[in-house]
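First the structure, in the form of structure tokens, and then the observations on it.
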Amino acid sequence: MFEVLTKDGRSQARLGRLKTEHGDVETPAYVIVGTNAAVRTLRPEDLPATKTQIIIANTYHLWRELGDEGLDNYHGLHAEMEWNGPLMTDSGGFQVFSMGAAREHGVGKITKREAQAPQENLIRVTEVGVYFRGDEEEEYLDAELSIKIQEQLGADIIFAFDEPSSPLHDHAYTQTAMERTHRWAARSLEAKTSSQQLYGIVQGGRFEDLRTQSAKFIATLPFDGFGIGGSFGSSFGGEKTATLRELAWTIPHLPAGKPRHLLGMGRIEDIFAGVEAGIDTFDCVIPTREARHGALWTARGRFDILKGLEAASGEPIDDACACPVCADMGVTRGDLHARFRNKDPEAGRLATIHNVYFFNDLMEKIRAALAQGAFQTFKMHSLKALS
RNA sequence: GCUGGGAUGGCGGAGCGGUCAAUCGCACCUGACUGUAAAUCAGGCGCCCUACGGGCUACGGGGGUUCGAAUCCCUCUCCCAGCA
Numbered sequence: 017m018f019e020v021l022t023k024d025g026r027s028q029a030r031l032g033r034l035k036t037e038h039g040d041v042e043t044p045a046y047v048i049v050g051t052n053a054a055v056r057t058l059r060p061e062d063l064p065a066t067k068t069q070i071i072i073a074n075t076y077h078l079w080r081e082l083g084d085e086g087l088d089n090y091h092g093l094h095a096e097m098e099w100n101g102p103l104m105t106d107s108g109g110f111q112v113f114s115m116g117a118a119r120e121h122g123v124g125k126i127t128k129r130e131a132q133a134p135q136e137n138l139i140r141v142t143e144v145g146v147y148f149r150g151d152e153e154e155e156y157l158d159a160e161l162s163i164k165i166q167e168q169l170g171a172d173i174i175f176a177f178d179e180p181s182s183p184l185h186d187h188a189y190t191q192t193a194m195e196r197t198h199r200w201a202a203r204s205l206e207a208k209t210s211s212q213q214l215y216g217i218v219q220g221g222r223f224e225d226l227r228t229q230s231a232k233f234i235a236t237l238p239f240d241g242f243g244i245g246g247s248f249g250s251s252f253g254g255e256k257t258a259t260l261r262e263l264a265w266t267i268p269h270l271p272a273g274k275p276r277h278l279l280g281m282g283r284i285e286d287i288f289a290g291v292e293a294g295i296d297t298f299d300c301v302i303p304t305r306e307a308r309h310g311a312l313w314t315a316r317g318r319f320d321i322l323k324g325l326e327a328a329s330g331e332p333i334d335d336a337c338a339c340p341v342c343a344d345m346g347v348t349r350g351d352l353h354a355r356f357r358n359k360d361p362e363a364g365r366l367a368t369i370h371n372v373y374f375f376n377d378l379m380e381k382i383r384a385a386l387a388q389g390a391f392q393t394f395k396m397h398s399l400k401a402l403s
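This note's numbering numbers the first residue of the first sequence as 17 and each following residue consecutively.
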């Protein structure tokens with residue numbers, strides 16, 4: 017199901033191929049986020065031209081939207097999304113954090129600023145499962161139910177249910193959550209009846225001993241692949257050396273022949289650091305969310321299309337870009353600026369097409385560099401170009 | 001010409017004696033965004049300063065009343081509606 021094609025001589029980076037029932041994914045690859053069974057603002061027919069290989073949808077959101085009855089009669093994500101390529105679903109584990117500790121602590125999973133005002137924690141975690149307080153009544157989700165829902169959704173690759181900890185959790189709580197996640201991992205495996213590939217998730221927060229312990233434990237279970245999740249402390253995402261160091265705590269303990277997915281990390285620096293540390297796939301909201309917010313990515317970094325100085329620009333978003341928006345549709349920065357200013361729904365779509373293409377294209381270039389033994393050179397040039 | 005109603009910061013539009021450099025919306029400027037409760041959120045938006053704070057000039061023009069006026073009175077200019 018996973019094949020390592022080439023390894024970089026000077027790092028843990030590797031070129032690979034992830035096989036699924038809906039086709040192969042050439043790795044390293046970006047997994048585009050389509051939480052509610054759609055990449056926000058895009059139409060199914062937009063996807064092929066964005067070089068998208070694989071999309072991840074979300075168990076929690078779809079479960080809440082469809083309900084038990086809807087899930088019982090569900091015809092599957094592939095049909096629903098009009099996407100015949102590979103799909104993943106997240107287990108709903110991340111919502112345990114984003115609706116729980118993240119709100120209570122006023123932080124994201126990467127802390128680099130001071131905490132924001134705390135909000136009400138909508139989550140109650142127990143040994144057996146998690147209570148989510150949504151709009152009205154409490155909903156209960158656990159490992160078995162998450163797997164059942166993911167089987168009903170029918171993605172090619174599914175994830176174990178986990179409890180990511182907050183960067184502000186101390187060692188003791190992080191350990192408690194990690195050990196609970198380990199038990200849920202075993203239960204997730206036990207619960208699965210389908211032939212879908214199931215990934216286990218390594219936790220352990222920002223603590224080296226816990227990360228190592230978690231990786232070692234999860235690696236002993238018969239998962240098809242491994243996700244690395246949770247919070248990363250202030251060092252992750254900033255300097256690449258710190259990123260490498262944190263991934264270096266876990267990846268060496270994972271089986272070399274199985275795929276490794278870095279959950280929810282996807283800035284350019286993170287990608288290079290992750291690839292270098294041996295990550296095969298990444299998923300991240302950055303390309304799609306930032307597109308909707310007017311932040312467009314180019315090889316030289318991102319810029320804000322909403323800025324007044326773009327209004328009169330007749331330039332393409334990125335003159336080096338071959339995406340449909342830049343190359344085929346002839347959309348200029350001024351055009352796109354005006355669409356954003358006018359709140360034209362097409363603005364988000366065009367920006368999303370561009371950003372998604374940009375990240376997928378970047379991965380393709382990384383793969384090409386790996387194939388030619390030129391990863392280090394490409395990495396250096398790319399990071400330098402960023403600023 | 002008469003009779004009413006208006007003129008407030010880039011625009012719209014609150015305020016109707018002090019807590020008003022002036023609610024709010026739009027526009028504009030900054031900054032965030034990392035397994036999506038985000039097509040979102042946060043901050044700024046008269047001028048000047050050693051900016052927690054302080055000083056100027058301001059609510060169509062001019063003149064009054066008052067300790068104090070965007071708010072009350074007189075007058076001028078312009079706009080709108082109705083009547084001639």
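By construction, the Cβ of each residue, glycine as well, lies at the ideal position given by its N, Cα and C atoms.
Nearest residue (CA-CA) to residue i, options the options
i: Ile287; options: Met396, Leu169, Ser210; result: Met396
i: Gln392; options: Glu153, Leu21, Arg149, Ala289; result: Ala289
i: Glu369; options: Ala328, Arg59, Thr43; result: What sits at residue 369 in the sequence shown is Ile, not Glu. Ranking the options by Cα distance to Ile369, first place goes to Arg59.
i: Arg89; options: Gly170, Asp62, Met345; result: This sequence places Asn at residue 89; Arg is not what is there. Among Gly170, Asp62, Met345, the Cα nearest to that of Asn89 belongs to Gly170.
i: Gly83; options: Gln168, Pro180, Trp200; result: Gln168
i: Glu179; options: Gln111, Phe239, Thr209, Leu161; result: Gln111
i: Ser230; options: Ala202, Glu19, Gln213; result: Ala202
i: Leu78; options: Thr51, Asp62, Leu103, Ala65; result: Thr51
i: Ala73; options: Gly350, Leu325, Asp299; result: Asp299
i: Gly346; options: Lys164, Phe223, Leu366, Pro64; result: Leu366
i: Glu405; options: Asp62, Leu138, Ser162, Ala272; result: Given a span of 17 to 403 for the chain in the structure shown, any question on residue 405 remains unanswerable.
i: Leu31; options: Asp40, Pro44, Tyr156; result: Pro44
i: Pro275; options: Ile284, Thr297, His269; result: Thr297
i: Gly317; options: Thr68, Ser162, Ala338, Arg283; result: Arg283
i: Trp412; options: Phe177, Gln213, Thr209; result: In the structure as shown, the chain starts at 17 and stops at 403, and residue 412 therefore has no counterpart that could be examined.
i: Glu98; options: Pro332, Leu87, Leu63; result: Leu63
i: Arg119; options: Pro134, Lys125, Glu85; result: Pro134
i: Ala207; options: Ile163, Ala272, Phe223; result: Ile163
i: Ala328; options: Phe223, Arg357, Tyr156; result: Arg357
i: Pro102; options: Ala53, Leu161, Thr57; result: Ala53
i: Arg80; options: Leu161, Gly39, Asp24; result: Leu161
i: Val41; options: Cys337, Lys359, Ala65, Met104; result: Met104
i: Phe319; options: Ile295, Lys359, Tyr373, Leu402; result: Leu402
i: Cys337; options: Glu326, Gly39, Leu312, Arg355; result: Leu312
Residues bridged to residue i (per DSSP)
i: Ala45; result: Thr297
i: Ile348; result: The residue you asked about is not Ile; residue 348 is Thr in the sequence shown. Beta-bridge pairing links Thr348 to Pro332.
i: Arg276; result: Phe242
i: Met104; result: Ile72, Ile173
i: Val218; result: Ile244
i: Trp313; result: Arg318
i: Gly39; result: Thr36
i: Lys23; result: Arg30
i: Tyr373; result: In DSSP, Tyr373 forms no bridge with anything.
i: Phe148; result: Ile139, Glu155
i: Gln213; result: Ile173
i: Phe110; result: According to DSSP, Phe110 bridges with nothing at all.
i: Phe18; result: Leu34
Local Cβ density within 10 Å of residue i, reported as buried at 16 or more and exposed below that
i: Val144; result: exposed
i: Arg26; result: exposed
i: Asn100; result: exposed
i: Thr314; result: buried
i: Gln28; result: buried
i: Thr236; result: exposed
i: Phe252; result: Residue confidence for Phe252 is low, a pLDDT of 43 falling below 50, so the modelled location carries little weight; the figure read from the coordinates is stated next. Buried.
i: Asp351; result: buried
i: Ser210; result: exposed
i: Leu34; result: buried
i: Lys125; result: buried
Pair within 7 Å by beta-carbon distance, residue i and residue j
i: Gly244; j: Gly216; result: Here residue 244 is Ile; the residue named in the question, Gly, does not match the sequence. It is not a contact, given that the beta carbons lie outside the stated cut-off.
i: Val47; j: Ile70; result: yes
i: His353; j: Ile321; result: yes
i: Thr36; j: Asp240; result: no
i: Gly108; j: Tyr76; result: yes
i: Ala131; j: Val141; result: no
i: Ser114; j: Ser181; result: no
i: Lys232; j: His269; result: yes
i: Ala349; j: Glu331; result: Sequence check: residue 349 is Arg here, not Ala. Yes.
i: Asp106; j: Phe18; result: no
i: Leu226; j: Thr192; result: no
i: Val291; j: Val49; result: no
i: Gln219; j: Met194; result: yes
i: Val372; j: Thr66; result: yes
i: Phe374; j: Ala385; result: no
Three Cβ pairs or more, each shorter than 8 Å: is that satisfied between the segment 174 to 192 and the segment 93 to 101? no
Tell me, please, whether the segment 371 to 382 touches the segment 262 to 269 by the rule of three or more beta-carbon pairs shorter than 8 Å. no
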